[in-house]
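Plus 11 on top of the position in the sequence shown (first one is 1) and you've got my numbering. To keep things clear, I will list the structure first and then write my remarks on it.
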Amino acid sequence: PPGKSFPGGPAAPTQPRRRKRANGEERSLSCDQCGKTFTLIGSLKSHQLIHTGVKPFSCDQCGKTFTLRCNLKSHQLIHTGVKPFRCDQCGKTFTHRCSLERHQLIHTGVKPFSCDQCGKTFTLRCNLKSHQLIHTGVKSFSCDQCGKTFTHRSNLKTHQVVHTKFKAFNCDQCGKSFTQIGHLKAHQLIHTGVKPFSCDQCGKTFTHRWSLKLHQLIHTEVKAFNCDLCGKSFNQIGHLKSHQLSHTGVKPFSCDQCGKTYTHRCSLERHQLIHTGVKPFNCDQCGKSFTLKTHFNRHYMIHVGGKSFVCDQCGKSFTAIDRLKMHQLAHSGIKAYSCEVCGKTFSQVGHRNAHLRIHTKEDVYYCEQCGKVFMTNRDLKIHKFTHTGERPYKCDVCDKAFKDPSSLKAHTGHKLKYCKECGKGFPTAGELKRHELIHSGIKTNLCDQCGSSFTTAGELKAHKRVHTGEKPYNSGICSVSFHCMLLCDVSD
């Protein structure tokens, strides 16, 4: 009879042992630790080895260990470099047939497995299950060096390579090295110049599909990730996390040549180009050269007269959208960046950082005659004209001369900002704000010697010179000195 063996005769092939119910149906065997079910008792026993953590089979080439011998044999094919299974649609090759079969599902475009929480669809059920862990928020795999946690073990292993600082995969064209071969392959596409992924809305092309997907978020105008400190919103969580570092004030990346520190590594790398002295981007209109292409592009807009980004509140126009966004913060009234020394708040992190230099006395410019401190060398040079009496800024209509460009603008009426109370015009918003304090009647700056009060700190400083006898201002015409610039101007 079939299946029965006889002494001396050839043994008939045996069927796998299956547990069956009394009615002939196959019975499911479940793992008592994770609940996974199996039809064969042998498969269940092999699976249960995973929970023991024992991996007795190791690869003699890379040392990787496995629970089952069959997994070791499958792994060892990787070291041979042989990939006999080729996709007939795209030509990609694989070591194992099962990998090819999974890959071929991509070409069908069918994604039958959808997430019931966000609607994202997947070709394979295993990919869906892996994705669903994101919604649980559980990150059970933590790095023992930095404490960072991950949803999947594979992500943890990929991350741990960062700590070894070993970058075994090098680009043969530019020498850049990577910790993962996938990153190298993605990088090498840049050298080919091929950008096969194009945006169907604006036509912009990209080297990688993920770059296209990130770009397409711009067109949706959905910015779901908001900063809880300043309210700024972002379309990517990575951009939000990068932005939030600016509020902490932590700058872990320092330049080894000048000591300047930065919040982000990319900012440090851009800065370090300055020390090389190389400026490969030249303007064919004026000959000015730039270290970075972004700086060149912004400069070139000056020549073409393109200020296409207009503020819808005041009408001011800008050559770049980032300049417009920074400007618009002034209208919002939000000042999320505060000085940790004096508590003064600012709408832009750059303004806060510049202000901090007053307290640290780093990278500031002092006037040798009166000791006044300035943030930029340009401001110091303009200030020195008050001591020398020079007036280099001349009106081309009446030849009247001025010490600073803002006074010239006020004289010519160029883009003046007018006071709503008295109609007086000012060349900058800062000067207008200082003037408006006069109408408020608030005088918070008190002299500690005579008790006189003043609207601005500048007026108080000028007043204190009456007590000290200091007279730093000279007209340049005679030897008479004055304790404030106004009297110097009157004498002229």
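Virtual Cβ for every residue (Gly too), placed ideally from N, Cα, C. All figures in this text were calculated on a predicted structure; none of them were measured in a lab.
Is it right to say L419 is buried, meaning 16 or more other beta carbons lie within 10 angstroms of its own, or is it exposed? buried
Name, in chain order, the residues that DSSP records as bridge partners for L273. The sequence given here has Tyr at residue 273, not Leu. DSSP output for Y273 lists F264 as bridge partner(s).
Quick check on the burial criterion: 16 or more other C-beta atoms within 10 angstroms. Buried or exposed for A347? buried
Could you tell me the alpha carbon to alpha carbon distance between C277 and C238, rounded to whole angstroms? 21 Å
Distance between C297 and V289 (C-alpha atoms, nearest Å): 18 Å
Please list, in chain order, all residues of the same chain as C126 whose beta carbon is under 7 Å from its beta carbon, the five residues on each side excluded. L139, H142, Q143
Can you give me the Cβ contacts of T48 inside the same chain, cut-off strictly under 8 Å, excluding the 5 residues immediately before and after it? S39, L40, S41, C42
Among residues of its own chain, excluding the 5 on either side of H286, which ones have a beta-carbon nearer than 6 Å to its beta-carbon? Q268
Have a look at A22 and G53 and give me their C-alpha separation to the nearest angstrom. For A22, the predicted structure reports a pLDDT of 43, less than 50, and the residue's modelled location is therefore unreliable. The matter cannot be settled from this model.
Alpha carbon to alpha carbon, how far is K392 from S253? 36 Å
Measure the C-alpha to C-alpha separation of I89 and K159 and round it to an integer number of angstroms. 30 Å
Residues near A197 in its chain [Cβ-Cβ closer than 7 Å; skip 5 each side]: H219
Smallest Cα separation from Q184: which of H314, T399, G434, L195? L195
Ignore the nearest five residues each way along the sequence and tell me which others in T132's own chain have a CB closer than 7 Å to its CB. K122, F124, S125
Here's the rule: buried if 16 or more other CB atoms are within 10 angstroms of the residue's CB, otherwise exposed. What is P24? Legend: pLDDT at P24 = 40, less than 50; position of this residue unreliable, value from coordinates given subsequently. That one is exposed.
Stretch-stretch touch, CB-based, cutoff 8 Å, three pairs: the stretch 427 to 437 with the stretch 404 to 415: no
Please name the residue or residues paired with F105 in a DSSP beta bridge. F96
What residue from H163, Q156, C353, D155 has the CA that sits closest to V563's CA? As shown, the chain starts at 12 and ends at 503. That puts residue 563 outside it, with no answer to give.
Cβ shell of L279 (< 7 Å), same chain only, five flanking positions each side left out: F264, C266, Y273
Any idea what DSSP makes of F307, helix, strand or coil? helix
Per DSSP, what kind of secondary structure is V173 in: helix, strand or coil? helix
Nearest neighbour of C101, chosen from S358, T119, L60 [CA to CA]: T119
Per DSSP, cross-strand counterpart(s) of A412: K405
Below 8 Å on the Cβ atoms is my contact criterion, and I expect F152 with L167 to pass it. Report the Cβ-Cβ distance as a whole number of Å. 4 Å
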